[in-house]
Each structure stands twice: as C-alpha cells, then as structure tokens.
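The listed protein sequences correspond, in order, to chains D and C. Take the first sequence: its letters are residues 0 to 516, numbered as in numbering that gives the first Met the number 0. Take the second sequence: its letters are residues 0 to 323, numbered as in numbering that gives the first Met the number 0. Note that beta-carbon positions come from the ideal geometry of N, C-alpha and C, so glycine has one too. Accompanying notes for the structure given below.
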Amino acid sequence: MYLHKFADKMQKSTMMLVLACVLSMCLCPMTNTVLGASGRAGASEVVVAQGADAVTLDPQKQSDTDTGNVCNSIYDPLLLRDQDMSIKPALATDWKRTSTTEWVLNLRRDVKFHNGEPFNADAVKFTFDRVKDPATRALIAPLFSTILKCEVVGPYTVRFVTDGLDPVFLGRLTNLLIVPPKYIKEKGDDYFARHPVGTGPYLFVQWVRDDRVVVEANDQYFRGRPAVDRIVWKAVPEMATRIAGLQTGEIDIVQSIPSDQIGALKTSRSVKVVTSPCAQIQMLNFNTFVAPADNKYFRLAVAHAIDPRPIVDGLLGGYASVLSIPIADVIPNAPKSVKRLPYDPAKAKEYLAKAGYPSGLSVEMNCQNGKYPMDKEIAQILAQQLSQVGIKVTLMPLEFGQFQTQMRARKIAPLYTTGGNNVLLDTDPQFNAFYGSGGALSTYSNKALDDLIDQGRTSTETKDRVAVYEKAFALLRDDAGGIGIIQYTLISASSTKVSWAPRPDGRIRAYDIGLRK
Amino acid sequence: MAVASRQRGREGHRVFRYIAKRILFAALTILGVVTIVFILQRTTGDPIATLLPPDVPLEEQAKLRTALGLDQPIHVQYGKFLAGLVRGDLGYSYRQGAPALGLVLERVPSTFKLASAGMLVAMAIGMPAGVLAAVYRGTVGDRIVMSLALVGQAMPVYWTGILLILVFSVRLRWLPAISNGGFVSMIMPALAVGAYSAARIARMTRSSMLEVLRMDYVRTARSKGLRNSAVITEHALRNALIPIVTVLGMEFGSLMGGSVIVESVFAWPGVGRLAVNAIMGRDYPVVQAVVVVVSAIFVLINLGVDLTYGLLDPRISIANTTRR
Chain D
0 MYLHKFADKM QKSTMMLVLA CVLSMCLCPM TNTVLGASGR AGASEVVVAQ
50 GADAVTLDPQ KQSDTDTGNV CNSIYDPLLL RDQDMSIKPA LATDWKRTST
100 TEWVLNLRRD VKFHNGEPFN ADAVKFTFDR VKDPATRALI APLFSTILKC
150 EVVGPYTVRF VTDGLDPVFL GRLTNLLIVP PKYIKEKGDD YFARHPVGTG
200 PYLFVQWVRD DRVVVEANDQ YFRGRPAVDR IVWKAVPEMA TRIAGLQTGE
250 IDIVQSIPSD QIGALKTSRS VKVVTSPCAQ IQMLNFNTFV APADNKYFRL
300 AVAHAIDPRP IVDGLLGGYA SVLSIPIADV IPNAPKSVKR LPYDPAKAKE
350 YLAKAGYPSG LSVEMNCQNG KYPMDKEIAQ ILAQQLSQVG IKVTLMPLEF
400 GQFQTQMRAR KIAPLYTTGG NNVLLDTDPQ FNAFYGSGGA LSTYSNKALD
450 DLIDQGRTST ETKDRVAVYE KAFALLRDDA GGIGIIQYTL ISASSTKVSW
500 APRPDGRIRA YDIGLRK
Chain C
0 MAVASRQRGR EGHRVFRYIA KRILFAALTI LGVVTIVFIL QRTTGDPIAT
50 LLPPDVPLEE QAKLRTALGL DQPIHVQYGK FLAGLVRGDL GYSYRQGAPA
100 LGLVLERVPS TFKLASAGML VAMAIGMPAG VLAAVYRGTV GDRIVMSLAL
150 VGQAMPVYWT GILLILVFSV RLRWLPAISN GGFVSMIMPA LAVGAYSAAR
200 IARMTRSSML EVLRMDYVRT ARSKGLRNSA VITEHALRNA LIPIVTVLGM
250 EFGSLMGGSV IVESVFAWPG VGRLAVNAIM GRDYPVVQAV VVVVSAIFVL
300 INLGVDLTYG LLDPRISIAN TTRR
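Here it is, written out as structure tokens:
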C-alpha cells in the first residue's frame, strides 16, 4: 500500500526526472575541453595510439613501454639511446670511469624543470635515492641494483659508485629519468604522479585515465623546441580500432602492428608502413634438469630438426629474420659471427639414436600464448618439424604468468619456446637470465658458460666483451643449451603528415616526431 | 486518521526493515564473492612476473615481493585486506601506485554513461519490437522481429563493434572510430551494447505480452470498447512489465560491471577495461576493488528492481514479502 500510493503520485514525474538525468549524463562531454598553447589556430597535433594508457606519470613507478613512452616525453634521462642505440649525452654532458667502481658525470647547467625549479646535482641525487628507497616501491629499482650510491661532487657534477665493475652502467642510466626534488617534497608522491613536472621536451597538460595523456611543446627545451605543438598519447586497446583510426585520420602513429593486419594499410594513401628490426625474439630452450632434455644428444637432435625459415617467410610474412643465436642483432654488444647449427633432419635422427631414442619419443613442450606475436603458432610449426624426425610433441600453451612461474621453479616442460626482450640493450642481463646457472629464468647450467658470463663483466669495452660473448654463444650452440628461432621486425604505421621512424628498442620518443613540410 | 497514520508508519517501518535486511545480505554476498576472488587470483601466478622485466635478478624480485606484502602467508594477507575493507581502504594498485578504490570509482561515471546509453537504445528498440511481435503474433512482422532478435543475440558484440566502425567510420566517415568523450563518439558504443540487450528485451517483452494478452481483464477492457492502443499500453504492457523490468535490471547490472569488449573496441575508459588490465597484470588490489564496487552496484540495482515491482503492481507489497 505504502509504495503504490507513493507511486501513484510520483511515478510519472520520477520516471521523467530519471530519464532526464540519464540523458543529460549521456549528452555532457566526459571531460573538459583542453585549452592550451595548441588551442591556437594552426597549431600542430599528433595522436599516438598505444595499447594501454600510462599506469602512472611518476617515471620511477613504471616499467612498461607504453607508460615509458609517455614519461619520456615529459622527463629527460642523464644519457639517452640514439636511433642506432648508441649512448649519447642528455642531461649529462660527459662521463668518465674514474676507478673500477666509480663513474663521474658532468651535468648541463642551462636546464630547468617545467615549474622553474633548477636542474642540478642535487636533483640527480634525489632522483637516485628515491629509486633506491624501498618506501618508493619503484618498479625500475631492479635496473639499478648494481649501483650502490650517488654522491654530489659539485653543483653540476655527480659520482656514482657501483658494486664491482658494472659494464652495463651507462645503459642503466638511460632509464633514470630525473624528477624535481622541491616539487615532490611540497606536493607529495600521489600529486606528482598525476601532475608530473620534468625537464623534457613536452609539458604535461591533461591526463584522462584509460583515455589519453596530452602534452604540449616546451618552448624552453634545451635541445630546441619540439617540432610538434601537441602530442596526444591515446589508449586504444584494440589493434583493429587503432588501424581504423589510422585510416580515418584520427590517429597518426601506431606501433607493433601484427604482420597479418597491415594489408589494409598498405593500400591507404594517407598512411605509410615503416619497419625496424627490434630486440624481441623467440627461442627454443630446454629444461635440462629433467629428461630427456638433460641429454645433450637429444638437444642436438632438436637443434638440427628445426628450420625457422617457414616461420619467417610464411607465418610472419617476411616481417622477421632467422636468428643465429638466441639474442637480437640490434643489441650493440651481441656477437654477429656465431652461426646456428644447420637444419639437417638426417643428422637429427642420428643424434636421436645416440641419445637412446632410435625409434623416436614423445615429449611435452610449453609455449606462451599471446604474449609475443604468433608465439603459439611458432611453437606449433616447430612441433610439426620435430615430428618429422620422430620427436612427437605434446604442445601445452601457458598463460604468461603461469609460464614464468613454471620456468622459475624449473618445473617447465623439457622443451619450451619463449619470447625474450632486452630492456638494457646489453647481452649480459638477458644471457645470464636465460642461460646462467643462477639466472632468474634459467633452466640450464654449465660451469664453463658461467665463467664466460663472469668474464664478460670484467670489461666495459664493447670489443672485448663481444669477443667473450662469441665464445659463450658458440659454447651454448655446441651444447645445444638454447636455440635462437626468429627476431621480430617491428611494424609501425604513421600518417603521411608525420615524419617519424620506429626504433629497435620499440620506444616512441616524442621529440623524434616531426611533421612533413 | 490516527489509525491510518499508525498503519502507514508500520508499513514504512517494514519497508526499511526489508531494505536493511537486503543490504545486510548484500554485504555478506559481497564478502563471499570478494573472498573467493581473493583466494582464486592468488592461485593464478606471481604478480612480480608481470611487474618486472623477466631478466631481473631473483633477489630484486624478492625485495619487491616483500614491499608489496606478497611474501606473507595468505591468511595474513586476507586479514589485512579485511581490516582495510572495514575502513574503506582497499589497498594501493601494484602497477599504478594509486588507491585501488579511487581508480575504480573514477571510472564508474564513464561506465554509467555507456550503460545508460546502451539501455536507452535497448529499450527504445527492444520494447516496441517485442510489443509489436506479440500483438501481431504469427504474422510476417512477428517472424521478422524475432529473427532479428535472434541475430542480435547471436552476433558477438566485438564483431558488431568492428562492423560499425568499418561502416560508419572507415567507409562513410560519419562517426569517430575512437571515443573522445563527446556525445557523437558514444553513438556506436551505445548501439553495439544496445543491440545485444535489445534482442533479449524484445524476446522477453514478446513472451510476457503474449501471456498477458490472454488474460480475462484484457478481454474485458476490449469488450468495454477501449481503443486497441489503450488496451495494449495501459492494461497489457503495464502488467507485462515485471519480467521485463527484471531483465532490464540484470542487463543494466551487467553493463555496470563493465562492457569489457565494447570498452576495448571503442577505447572507452570504463570499469571493464580497468578490470581486464588488472586481471592481466595480476594487480590484486584493483581486481578486489572492482569486485567490491561492481558487486555493490549489482546488488543495489537488484534491490531497486525488487522495489519497482511494488510500483508496477500494487498486489506486490513489501509487507507481504516480509510476512512470507
């Protein structure tokens, strides 16, 4: 009674009110229009679509590429990697190793943060100490595990002290984006993560979570004003939508396009497809702690039984290359002279007989599923090739987290394909992680190889280190500890109004984006 | 007057007791759901594997695990979670470093907009179609409407979304492919969401209307000489609404949980995308916060639907419900 009496009086008007509210909610824009310098007529804007939004704008609390790209438009590192992956000065002008464990860097004197705060040695020390402080929970902290401390030598000079000789030291510093001490102390971490202030080529304007980050050109930038007035980092999870956005002109740059989806773009007049070799690879590894992968002859049989060429030419449409060794050739100190074992099914059968399996065997194989382009399909082709020599493979794809957990616990199948990347663009971290006896992801152990890994850490000279890694990869090949399959080609597309090229490290540097005249 | 007033007071008291009881049960339901999620997600693998590059040394991984409290036994983690839940603190996102509850709540308005627009589309298409199919039962029109409803339910939302983009954005250039927060960019996501729900609503409206149209009071209304339109809208439809409102409530609740696929296809920044990213990245606090918020919304919508029954049909009263 109570309810329907009320209803009689209120029903129609309430329903109308609710409807009006819903409609007005739907009609009102989700956010305020951004007004800034580029609101001027004729100001240029480039929209870069990525698969995910930035997770934070605090550069020390992120570790993914999409967030890193956004942060690199707002902040600067001390050193940076050029298009050819060589290390170049950024906020540091020059650097010198003064002893086995010490590096001294001189800093630029003409740089200020976007809020006017001066950039100096104190800012560098604050940044480093903040990364190392466990309370910060900095996701990039592991990249600096070998650096013990940062000391202020002068207003524009700092000294870093490492734990023993660290040949990857300079590469590590390319990931240290400098943050403003005074601003963070005044505003706090949470505010800073949403209202970032750096020294970088672009100033932060707006962040709509899961939608876009807008930045505008920094007129005072020390390397010169960027060519584009405004960059919009747009989060578009679906690749099909990103491609449609390129075709309609709503998006200007898209990266990591699957090879089977570029057909439509190739015919478009307003879009150009650009490619670059990259550090992403696929390899076939062995869990040498379990049978039959503990048998060297079995591993050699596998090595001779697989042929990556059909994967490159067929599955990936030519957008990849055959790997000689399980590391990408874009890594500056990766050896280039070591060749892979040839595809030779007859020899594979011989080794299989030597291993004690003259009539073949059945074996389990794990692979990742969707973490890297076509990873499961690559494993399927390899399984099919192995069956040709009598190795009957039961393929078991695993979700990435499960895959990692199994690998770390050394409970993964005797055979497994895995993707690999190289954040520091140096051979040592990746090689040790996958093949060193104590490597985080290693299912292989070889004392002679461990000695070579240690030897590779005794010099900072690229030439010396490459010579050591040549021996190490040759040893790995001859023992069939791990097999390189393919190196991916990074496929990107941009609108014809934009002048931009993809980089081997897969990063998108906002400052490198230009406009065609 | 005094007796009537006392009676009204007792009715009101019953309504509030009913609502309080429902909310208590809802809280227990949410606790149950979030407990299951809390345990299940910890069986899926290690969040550190998705937070750090794979080649990071083991000791560095251990440091982060300690910092995030993941090295503690599961019952200790659960105890801390419950203590936080009572205070309204659902922890900090591992990946975003921000309060998990805040991350969810700031996306709710966006999801509400999409869900509301989708429901408007669904109701605008589904209800008239269902009524027409029932009134003209067995005709060609009925078959066409029901066939379209079948197609609408069979079409994957992902496919509908991509098809809409290809036609209206890439081919015709009428609508933007990607959300920019404005009204125009909401048309296609609302259509994609609404098409699926419209099909379900049309089918439910038709069957409910067919049942009501056979009733004696409809025959009586017709024999009184009322116009057919009046009989259908004022007598039949109102009485057929209860199952339809139930479906509407369920549909709206599901949409408020995030239309994951539509949000991804149209780059719509809602709860669904946050949930998927959190699940993929094993961001436990965010997953838990999403579950708490979405469960609460779902339960509240259901409560609202139950209360609406009384508005639609005076024979249904809370007093009867509580006595039963």
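Is there a Cβ of chain C sitting closer than 8 angstroms to that of residue 150 of chain D, yes or no? Residue 150 of chain D is outside the set of residues whose beta carbon lies under 8 angstroms from a beta carbon in chain C.
Is the separation between the beta-carbon of residue 326 of chain C and that of residue 290 of chain C shorter than 8 angstroms? Nothing about residue 326 of chain C can be reported from this structure: the residues present for chain C run from 0 to 323 only.
The segment 498–514 of chain D in contact with the segment 259–275 of chain C per 3-pair CB rule at 8 angstroms: As far as the Cβ criterion goes, the segment 498–514 of chain D does not touch the segment 259–275 of chain C, which means the pair count is below three.
For the segment 62–73 of chain C, which residues have a CB atom closer than 9 angstroms to at least one CB atom of chain D, in sequence order? Near chain D, meaning a CB-to-CB distance below 9 angstroms, the residues of the segment 62–73 of chain C are 62, 63, 65, 66, 67.
If you measure between the beta carbons of residue 339 of chain D and residue 320 of chain D, is that distance less than 8 angstroms? The Cβ-Cβ distance between residue 339 of chain D and residue 320 of chain D does not fall below 8 angstroms.
Out of D:329, D:345, D:393, D:344, point me to the one whose CA is closest to residue 360 of chain D's CA. That would be D:393, whose Cα lies nearest to the Cα of residue 360 of chain D.
State the beta-bridge partners of residue 4 of chain C as determined by DSSP. DSSP links residue 4 of chain C through a beta bridge to no other residue.
For the 8 angstroms Cβ check, are there 3 or more pairs between the segment 236–251 of chain C and the segment 95–111 of chain C? No, because fewer than three Cβ pairs between the segment 236–251 of chain C and the segment 95–111 of chain C fall closer than 8 angstroms, the two stretches do not touch.
Which residues in the same chain as residue 498 of chain D place their Cβ atom closer than 7 angstroms to its Cβ, once the five residues preceding and following it in sequence are excluded? Within the same chain, and ignoring the five residues on either side of residue 498 of chain D in sequence, the residues whose Cβ sits closer than 7 angstroms to its Cβ are 513, 514, 515.
Unbroken stretches of the alpha helix (DSSP H), 4 residues or longer, contained in the segment 181–243 of chain C: For the alpha helix (DSSP H) assignment, the uninterrupted runs of no fewer than 4 residues enclosed by the segment 181–243 of chain C are, from N- to C-terminal side, 186–212, 215–222.
Out of curiosity, what's the CA-to-CA distance linking residue 184 of chain C and residue 45 of chain D? If I take the Cα positions, the gap works out to 19 angstroms.
So, for residue 130 of chain D: in the same chain, excluding its five sequence neighbours on each side, which residues have a beta-carbon less than 8 angstroms away from its beta-carbon? Once the five neighbours on either side are set aside, the close Cβ partners of residue 130 of chain D are 59, 137, 139, 140, 143, 175.
Nearest neighbour of residue 226 of chain D, chosen from D:215, D:170, D:233, D:302 [CA to CA]: For the residues D:215, D:170, D:233, D:302, the minimum Cα distance to residue 226 of chain D belongs to D:215.
Which same chain residues end up closer than 6 angstroms to residue 178 of chain D when comparing Cβ atoms and leaving out the 5 residues on each side of it in sequence? Residues of the same chain with a CB within less than 6 angstroms of the CB of residue 178 of chain D, apart from the 5 flanking positions on each side, are 126 in chain order.
With contact counted as at least three CB pairs below 8 angstroms, one residue from each stretch, are the segment 238–258 of chain D and the segment 483–495 of chain D in contact? At 8 angstroms Cβ cutoff, the stretches touch.
Between the segment 459–480 of chain D and chain C, which residues of the former have CB atoms less than 7 angstroms from a CB of the latter, in chain order? Residues of the segment 459–480 of chain D with a C-beta atom less than 7 angstroms from some C-beta of chain C do not occur.
Cβ of residue 55 of chain C less than 8 angstroms from any chain D Cβ? Yes, residue 55 of chain C lies at the interface with chain D (some Cβ there is under 8 angstroms from its Cβ).
Where does residue 496 of chain D sit, in a helix, a strand or coil, going by DSSP? In the three-state reduction of the DSSP assignment, residue 496 of chain D falls in the coil class, being assigned neither a helical nor a strand state.
Inter-residue spacing [alpha-carbon to alpha-carbon] between residue 395 of chain D and residue 43 of chain C: For the pair residue 395 of chain D and residue 43 of chain C, the Cα-to-Cα distance works out to about 16 angstroms.
Relative to the C-alpha of residue 153 of chain D, which candidate in D:184, D:134, D:120 has its C-alpha closest? Ranked by Cα distance from residue 153 of chain D, the first of D:184, D:134, D:120 is D:120.
What distance in whole Å lies between the Cβ atoms of residue 145 of chain C and residue 132 of chain C, which are believed to be in contact at a cut-off of 8 angstroms? Taking 8 angstroms as the upper bound for CB-CB distance, residue 132 of chain C and residue 145 of chain C are in contact here, some 6 angstroms apart.
Which residue wins for smallest C-alpha separation from residue 485 of chain D, given the options D:189, D:376, D:432? When only C-alpha atoms are compared, the closest one is D:376.
Within 8 angstroms, strictly: CB atoms of residue 259 of chain C and residue 193 of chain C: Contact: no.
Flag this pair as yes or no: are the beta carbons of residue 245 of chain D and residue 270 of chain D separated by less than 8 angstroms? Going by C-beta atoms, residue 245 of chain D is nearer than 8 angstroms to residue 270 of chain D.
If I measure Cβ to Cβ from residue 302 of chain D and keep anything under 6 angstroms in the same chain, skipping five residues before and after, which residues do I get? Correct list, in chain order: 340, 479, 482.
Cβ-based burial, residue 379 of chain D [other Cβ within 10 Å; buried from 16]: Residue burial is scored here from C-beta neighbours: residue 379 of chain D has at least 16 other C-beta atoms within 10 angstroms and is therefore classed as buried.
Outcome for residue 367 of chain D when other beta-carbon atoms lying within 10 angstroms are tallied against a minimum of 16: Burial call: buried.
Here's a check: name, in chain order, each residue in its chain whose Cβ is nearer than 8 angstroms to the Cβ of residue 305 of chain D, leaving out the five neighbours to either side. Excluding positions up to five away in sequence, the list reads 283, 342, 381, 384, 385, 482, 484.
Which whole-angstrom value describes the C-beta separation of residue 443 of chain D and residue 285 of chain D, a residue pair presumed to lie in contact below a C-beta threshold of 8 angstroms? So it is a contact: roughly 7 angstroms between Cβ atoms.
Any idea what DSSP makes of residue 309 of chain C, helix, strand or coil? The answer is helix: DSSP assigns residue 309 of chain C an H, G or I state.
Are there 16 or more other CB atoms within 10 angstroms of the CB of residue 190 of chain D, so buried, or fewer, so exposed? With fewer than 16 Cβ atoms within 10 Å of its Cβ, residue 190 of chain D is classed as exposed.
Kindly indicate if chain D contains any beta-carbon less than 8 angstroms away from that of residue 87 of chain C. So no, residue 87 of chain C is outside the interface.
Between the Cα of residue 100 of chain D and the Cα atoms of D:165, D:356, D:106, D:47, which residue gives the shortest distance? Comparing Cα positions, the closest option is D:165.
Quick check: the Cα distance between residue 522 of chain D and residue 170 of chain C, rounded to an integer number of angstroms? Because chain D here runs from 0 to 516, residue 522 of chain D falls outside it and cannot be looked at.
How would you call residue 420 of chain D, buried or exposed, if buried means at least 16 neighbouring beta carbons within 10 angstroms? It counts as buried.
With a floor of 4 residues, list each alpha helix (DSSP H) that falls wholly inside the segment 199–287 of chain D, ordered by position along the chain. If one requires a minimum length of 4 residues, the alpha helix (DSSP H) runs lying completely within the segment 199–287 of chain D are 238–247, 262–265, in chain order.
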